Every structure is written in structure tokens, then in C-alpha cells.
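Participant:
Protein chains in written order, with this note's numbering: chain A, 1 to 220; chain B, 1 to 509.
Structure, rendered in C-alpha cells:
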């Protein structure tokens with residue numbers, strides 16, 4: 001069960017005793033169920049603003065979509081709710097929830113953060129620090145893969161992607177290019193030759209080369 | 001429908017292909033269960049493109065085998081390595097791993113295998129023998145009742161979420177709003193297309209599912225540089241079956257786990273994770289061996305594992321009888337039905353008897369194959385953890401690409417999938433849950449269709465939702481769930497306030 005991310009969780013953490021005096025620890029290694037954890041808050045203004053900027057942006061988008069719904073044209077009969085009713089209803093719900101969230105962040109940003117501990121926290125709390133450079137590389141590779149398929153074709157783009165992703169992911173061994181090439185060929189054979197998905201073959205020379213490889217693989 | 005005769009016929013007709021698909025599905029399910037980061041929902045999603053060239057029965061048998069084995073595979077790593085392969089395996093780690101640390105790993109694995117088999121079998125019996133009766137009742141449902149069921153599903157998603165209610169609500173509404181993009185199927189209006197063909201065709205919920213479940217996970221693990229504790233290997237992997245007297249002494253744990261799993265997961269929007277946690281809680285509260293729980297008790301393995309596997313049938317009942325998916329995995333199964341132009345619902349029991357028999361017998365055979373493979377193949381399965389995770393992540397992206405592309409043979413779905421993969425990454429970092437987003441996108445259009453149909457049929461008289469007894473009862477339950485949510489929010493707020501006051505007071509001491 002995923003845990004809620006706690007703002008300021010890198011700060012000092014203290015554990016207060018449970019309010020239930022009958023509660024007993026069941027295992028010396030286990031966190032104690034029902035205990036309340038208090039985290040020091042992160043009081044910086046930039047942190048608070050950073051936390052609510054996405055909510056503000058989504059709220060602005062929601063307001064825009066609410067009014068944009070007025071442009072829908074349809075064969076709606078008089079007296080019917082029409083195609084704009086439901087999106088507007090949902091937009092109102094989303095808007096209200098976003099406002100509540102924004103108010104919540106501003107009200108609680110300088111208060112200690114509190115959560116009730118679960119006995120499974122040590123198992124679930126497997127948070128590993130995110131490296132934003134790696135995140136950017138992974139996203140760039142994933143997006144680049146999609147764009148590359150339109151020009152290089154699925155097969156060559158897959159080979160390139162597999163090699164680049166595995167290499168950038170730390171497996172800088174001689175086997176990586178082999179996995180990339182063999183993986184690309186196997187994926188192409190399975191999806192095109194067996195499952196009949198007509199993935200892009202690319203443009204120009206890549207199209208010609210892809211079709212030639214298809215013939216070699218016996219793909220019609 | 002002659003259930004036994006039809007199932008026997010389906011088994012004969014399926015031939016060697018049927019058995020091969022079940023074994024393959026169970027192997028994939030166990031593998032995705034063992035590997036942390038690969039969930040069984042992802043497993044079902046990633047094999048989706050392979051099923052396009054299959055007939056619907058074969059496709060569903062393969063996917064159900066992955067689904068059911070996926071609820072058990074993670075128990076192996078949870079017990080041996082204290083690594084829950086799936087979220088539903090978390091409750092098993094406490095007692096299971098304690099048993100393993102005390103040299104009782106083989107016994108713990110035996111209890112898990114047996115619980116998975118028994119839980120699955122009881123769920124299967126419920127599916128086969130109660131779903132038809134439920135379908136007869138569902139034939140009387142009108143659009144008002146269906147709207148109430150979907151609304152109940154939407155509120156259940158929030159109530160059963162462990163995350164912030166407000167964040168879950170935002171994710172849910174966002175999913176519902178995104179699902180309104182494209183051509184509206186009641187009035188034929190084009191909504192939010194902004195002049196692009198990509199958006200005019202609508203956002204396929206399977207593209208969202210692939211993006212947020214598969215691509216998001218691959219991006220997240222890459223960004224975490226594949227850190228964690230997944231490389232360890234246990235010294236010895238062996239499974240020992242408990243004796244009959246030992247099973248008899250734990251009969252209550254089996255019963256409670258199976259009942260909780262089948263009952264809880266029959267509710268809309270509830271998956272095996274909730275069933276597993278609830279079963280552990282019930283065992284801790286009412287179990288004969290409740291004092292042993294958390295100290296290395298077999299009951300702490302039996303109840304959650306039996307509930308996890310039983311939940312598969314609960315989800316299938318909901319999907320087959322009402323045509324409404326309650327979980328990520330059953331949403332993918334719904335996609336297979338829709339791709340093959342089959343609408344699950346109460347009429348499926350009279351119009352698709354052969355398909356149903358194939359599903360029933362497929363689940364039954366998958367349970368036994370899962371048990372045998374789980375016992376015999378535990379060691380090679382654990383060895384999968386030696387594989388560098390970057391290879392798995394790379395191939396997840398490749399599978400996700402084809403999974404999205406093959407939906408409509410269109411690059412639009414690949415771009416949408418990629419966008420949701422990136423969105424999911426940022427949502428996870430900001431503490432937003434992904435499940436409400438996905439279920440909002442799946443249940444939102446159903447809610448709109450049933451609501452609009454009811455209003456059109458009844459000349460905009462909204463009181464029809466309250467004058468029809470079943471609809472009123474379901475809405476009352478949904479309202480009760482909503483009240484529960486409000487109560488929980490107020491209670492948490494009070495606990496937080498009290499803790500803060502105590503923390504502030506302690507600073508002055």
C-alpha cells in the first residue's frame with residue numbers, strides 16, 4: 001500500500017507514544033502500529049509555493065475547460081442536459097478539491113507534519129532518493145524513442161533505445177549492444193511476424209533496410 | 001448453462017494451446033510477482049499486445065493466468081527476502097519473513113502455496129455458482145442502478161485509499177475529466193479536441209493504464225538508479241507442505257482469509273491489496289491465533305494470501321456480471337472483451353456461454369498450475385532477482401510502446417501513453433495516488449453514460465434515482481461510504497491536532 005509523501009520528511013523525526021496504553025510491540029524490529037509520528041515542517045516560502053504551483057496551474061486549466069465546455073455543439077434536444085453538463089460537473093468537483101488542497105497547504109505549511117505509523121512502515125518505506133538528472137535522461141530516452149520510431153522505424157529505434165537506456169542505466173558492458181540488437185530483432189519478429197502489429201518502418205533508407213530485415217526474418 | 005459440461009468441453013476444445021497458454025501465463029504471473037517494481041497489473045498490461053491475434057477465449061485465459069499467479073508470486077520474495085513483490089504481499093512479510101529468519105522458510109512457503117490454492121478455489125466456486133444468480137438479478141437493473149453502482153465504485157476508491165483523501169479526489173476527478181475528451185457517445189458532440197485528430201478520437205483508458213502503471217514505474221526506477229535491496233539471494237529455497245492436523249488447526253485463518261478476499265473484492269473499486277490488508281486486520285482482531293500474529297505465525301501468511309488469490313474471482317464476478325471493472329487488472333480484461341466486440345454484463349451468461357466456460361476452466365486450471373509451479377519452481381523464480389533491473393525496465397518501455405500502439409495501430413496512443421507515463425512520474429513524486437486517476441478514467445465515462453441515459457429516459461426527473469428501491473439502496477451505501485470518508489478526515493484531523501499540541505508542549509519541557 002503506497003504511503004503518502006510527507007513534506008519535510010527529511011527533517012528530524014520524533015515518535016510519540018500511542019494514545020492506546022494497551023498497545024504492545026509485537027516484534028522488536030517492527031514499527032509500532034498506531035504510533036503518531038511528528039515531523040518538523042519545512043517553513044520556507046519557496047517550498048510552500050513550489051508545492052502548490054502545480055495545483056494552481058491545474059486549477060487554471062480546470063476553469064478554462066469549464067468555460068470551454070460552452071463551445072460544444074451537438075444534436076441536443078431542448079430540455080436535455082447536453083454534452084457540456086458532465087464535464088462541467090466534473091470540473092467543478094476538481095476545482096473544489098484543488099482549492100481545498102491549496103488552502104490545506106497554506107494552512108498547514110508551518111505546522112508539524114503528523115502521521116499515524118503502520119506496523120508495515122519498515123517494509124513499505126522503501127523510498128530511494130530520486131536523481132533528477134537520471135529522471136531527465138529516462139524521460140528524454142522514452143520520448144526520443146517514440147519520436148525516433150517515426151523516422152528510424154520501430155526496429156532500429158528499439159535497438160537504439162535499448163542500447164542507450166541500458167547503457168545510461170549503468171550496464172556498460174560488452175553485452176549491452178548485443179542485448180540491444182538481439183532484443184530489437186526479437187521484439188520486431190514477435191510483434192510484426194507473430195502478433196501482426198504494423199509498427200512504423202521508418203522513412204527513406206531506414207524503411208528500405210527495415211523491409212530487407214523483415215524479409216531475412218521471414219516476415220511477410 | 002450446464003457449467004460442468006461446458007467447462008469439460010472447453011477443456012477438450014482448448015487442446016494443447018490452452019495448456020500452453022495457462023503454463024505461460026502462470027510463469028509470467030509468478031515472474032512479475034517475484035520481481036519488485038513489476039506488478040501483476042503491469043504483467044497483464046504488457047502481454048496485451050500479444051493477445052490481439054488470439055481469439056478472446058485464449059486471450060482471457062492467458063491474462064487470467066497471469067493475474068491469478070501474480071497475486072501469489074510475490075509471496076516468495078516477501079517470505080524469503082522481506083521484499084514484497086506486490087503491494088498485496090506486504091502483510092505477509094511480517095510473519096512470513098520472521099518464520100524464514102527462524103529457519104522455517106520451507107514451512108512458510110508451504111502455507112503460502114496452500115493458502116493461494118484454497119483461496120483461489122473458494123473464489124472460483126463463488127464465481128462459477130453465484131455469478132449466474134447475480135446475473136439474473138442484474139438483468140433487472142436499469143441505467144439508474146448501474147449509475148449507482150459506478151458511483152459506489154468511485155466513492156469506494158477514495159474510501160479504501162491509504163493516501164490523502166483530497167489528493168485521491170483530485171486524481172479521481174482529473175481522470176474523469178480527461179475521459180471526457182473525444183466524441184461524446186450520447187449527443188455525438190466533439191469535446192476538448194482543440195482541433196487535433198489525436199484528441200478527437202478520445203483518450204483510450206488502456207493508454208492511460210499502460211502509461212501510469214508501466215512507463216511511470218520504469219522511469220521511476222531509472223531515476224532511482226535502480227537502488228533498493230533486490231539483489232539478495234537466500235541460501236536455501238525449499239517448500240514443505242503442512243500436515244492435515246496443522247491445516248485443521250488453521251482452518252479458521254483459511255476461512256476468514258478466503259471469505260474476506262471474496263467478499264471485499266466483490267465491491268467495485270477494490271483490489272487484492274485491500275483484501276489482503278483487511279484479511280490480516282480481521283485475523284489480528286478475531287483469529288484463534290491472534291496473539292501469535294506479528295511473531296512469525298502461519299496465520300499471518302494464510303489469511304492475507306488466501307484473500308489475495310480469492311480476490312481475483314471477486315473482481316471477475318463484478319466484471320462479468322455488471323461489465324464494470326473494479327481494479328486495474330480487470331480493466332485490462334475489459335479491454336480484451338471490448339477489442340473483440342463483446343460486452344460483459346448479465347446477458348453474457350446467455351450469449352457467450354462457451355467463452356464463459358473457457359474463462360471458468362482457465363481460472364481453475366491456472367490455480368492448480370500456479371500451485372505446482374509455485375512449489376517446484378520457487379528457486380528459479382527467486383533467481384530472476386539476479387537479473388539487472390535496468391534490462392527489465394528497458395523492455396517494459398518497449399512493451400509499453402507496442403501495447404499502446406496496437407490499441408488502434410496509431411502513434412497518437414503512444415504519445416498519450418508517454419505523456420501519462422511522465423505525468424504519473426510527477427504525480428508519484430508529489431504524493432498523488434495513481435489508482436484513482438486510472439479508475440476515474442475508466443468509471444467516469446460509464447457514470448456519465450448511465451446518468452445521461454437515465455435523465456433522458458425520465459425527462460430530467462432526477463428523483464428516479466431515489467424512487468427505484470435498488471438504486472436508492474446503492475446510493476445510500478455510497479452516501480454512507482462518503483460519510484465514512486468525512487468521519488475519517490475529521491478523526492485524522494483531531495489526532496493530528498492532539499499530536500501537534502503534544503509536540504509543541506514537549507518543546508517547552
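All C-beta atoms in this analysis are idealised placements derived from N, C-alpha and C, irrespective of residue type, glycine included. Keep in mind the model is a prediction, meaning the values are calculated, not measured.
1. From what residue to what residue does the alpha helix (DSSP H) around residue 373 of chain B run?
2. Report whether the distance from the Cβ of residue 246 of chain B to the nearest heavy atom of the ligand SAM is below 7 angstroms.
3. Shorter than 8 angstroms from the beta carbon of residue 155 of chain A to some beta carbon of chain B?
4. Does residue 86 of chain A get closer than 8 angstroms to chain B when you measure Cβ to Cβ?
5. Can you check DSSP and say which residues form a bridge with residue 101 of chain A?
6. Compare the C-alpha of residue 73 of chain B against each of B:417, B:38 and B:216 and name the closest.
7. Give me the residue from B:458, B:339, B:237 and B:352 with the minimum Cα distance to residue 110 of chain B.
8. Measuring straight from C-alpha to C-alpha, what distance separates residue 96 of chain B and residue 293 of chain B?
9. Give every residue of the same chain whose Cβ lies closer than 6 angstroms to the Cβ of residue 289 of chain B, excluding the five residues on either side of it in the sequence, and list them in chain order.
10. Any residues in the stretch 58-79 of chain A with a beta carbon nearer than 8 angstroms to a beta carbon of chain B? Which ones, in chain order?
11. Starting from the C-beta of residue 176 of chain B, find all residues in its chain whose C-beta is less than 6 angstroms away, skip the five residues before and the five after it, and write them out in chain order.
12. What does residue 159 of chain A touch in chain B if you count any residue whose Cβ is under 7 angstroms from its own?
13. Residue 350 of chain B: which of B:45, B:77, B:56 and B:132 sits nearest, CA to CA?
14. Below 8 angstroms on the Cβ atoms is my guess for residue 430 of chain B versus residue 54 of chain A; work out the distance and round it to an integer in Å.
15. If you draw a straight line from the C-alpha of residue 26 of chain A to the C-alpha of residue 99 of chain B, how long is it?
16. Can you tell which of B:5, B:419, B:406 and B:315 has its C-alpha closest to the C-alpha of residue 153 of chain B?
17. Can you tell me where the alpha helix (DSSP H) with residue 239 of chain B in it begins and where it stops?
18. Which residues share a DSSP beta bridge with residue 183 of chain B?
19. Just the chain A side, please: which residues come within less than 9 angstroms of residue 311 of chain B by C-beta, in chain order?
20. Just curious, the alpha helix (DSSP H) that residue 95 of chain B is in, first and last residue?
21. If we ignore side chains and look at the alpha-carbon of each, how far apart do residue 501 of chain B and residue 488 of chain B end up?
22. Counting only C-beta atoms, is residue 260 of chain B closer than 8 angstroms to chain A at any point?
23. Residues of the stretch 162-178 of chain B in Cβ contact with chain A at a cutoff of 8 angstroms, in chain order, please.
24. Shorter than 8 angstroms from the beta carbon of residue 505 of chain B to some beta carbon of chain A?
25. Are at least three pairs of beta-carbons, each pair with one atom in the stretch 207-215 of chain B and one in the stretch 412-430 of chain B, less than 8 angstroms apart?
26. Answer yes or no: does any C-beta atom of chain B fall closer than 8 angstroms to that of residue 54 of chain A?
27. With a threshold of 8 angstroms between beta carbons, is residue 134 of chain A in contact with chain B?
28. Determine, using beta carbons only, whether residue 191 of chain A comes closer than 8 angstroms to chain B.
29. Using a threshold of 8 angstroms, state whether the C-beta atoms of residue 55 of chain B and residue 353 of chain B are closer than that.
30. Starting from residue 290 of chain B, follow the alpha helix (DSSP H) in both directions and report where the run begins and ends.
31. Counting only Cβ-Cβ distances shorter than 8 angstroms, please list the residues of the stretch 183-203 of chain B near chain A, keeping chain order.
32. Is DSSP giving residue 396 of chain B helix, strand or coil here?
33. Have a look at B:498, B:461, B:390 and B:494 and flag the residue whose alpha-carbon is nearest the alpha-carbon of residue 170 of chain A.
34. Please determine if the stretch 64-72 of chain A and the stretch 136-155 of chain B are in contact, where contact requires at least 3 C-beta pairs separated by less than 8 angstroms.
35. When the cut-off is 8 angstroms and only beta carbons count, does residue 412 of chain B lie next to chain C?
36. Can you tell me where the alpha helix (DSSP H) holding residue 54 of chain B begins and where it ends?
Facilitator: Taking the coordinates as given:
1. 353-376
2. The ligand SAM is not part of the structure shown, which contains no ligands of any sort.
3. no
4. yes
5. Residue 101 of chain A pairs with nothing; no bridge assigned.
6. B:38
7. B:237
8. 10 angstroms
9. 297 and 299
10. 58, 62, 65, 68, 69, 72, 73, 74, 75, 76 and 79
11. 440 and 444
12. Within chain B, no residue comes near residue 159 of chain A; the closest Cβ sits about 10 angstroms away, beyond 7 angstroms.
13. B:132
14. 7 angstroms
15. Low confidence applies here, because residue 26 of chain A scores a pLDDT of 41, under 50, leaving its location unreliable; read the following figure in that light. For residue 26 of chain A and residue 99 of chain B, the distance between alpha carbons rounds to 14 angstroms.
16. B:315
17. Unbroken run through residue 239 of chain B: none, as it is neither H nor E.
18. B:190
19. Here the premise fails: no neighbours, minimum Cβ distance about 14 angstroms.
20. 90-101
21. 20 angstroms
22. no
23. 162, 163, 164, 166, 167, 169, 170, 173, 174, 176 and 177
24. no
25. yes
26. yes
27. yes
28. yes
29. no
30. Segment: none, residue 290 of chain B is in no alpha helix (DSSP H) and carries neither H nor E.
31. 184, 186, 187, 188, 189, 190, 191 and 192
32. helix
33. B:390
34. no
35. Absence of chain C from the displayed structure is noted, the protein chains being A and B.
36. Careful: residue 54 of chain B lies outside any alpha helix (DSSP H) and carries neither H nor E.
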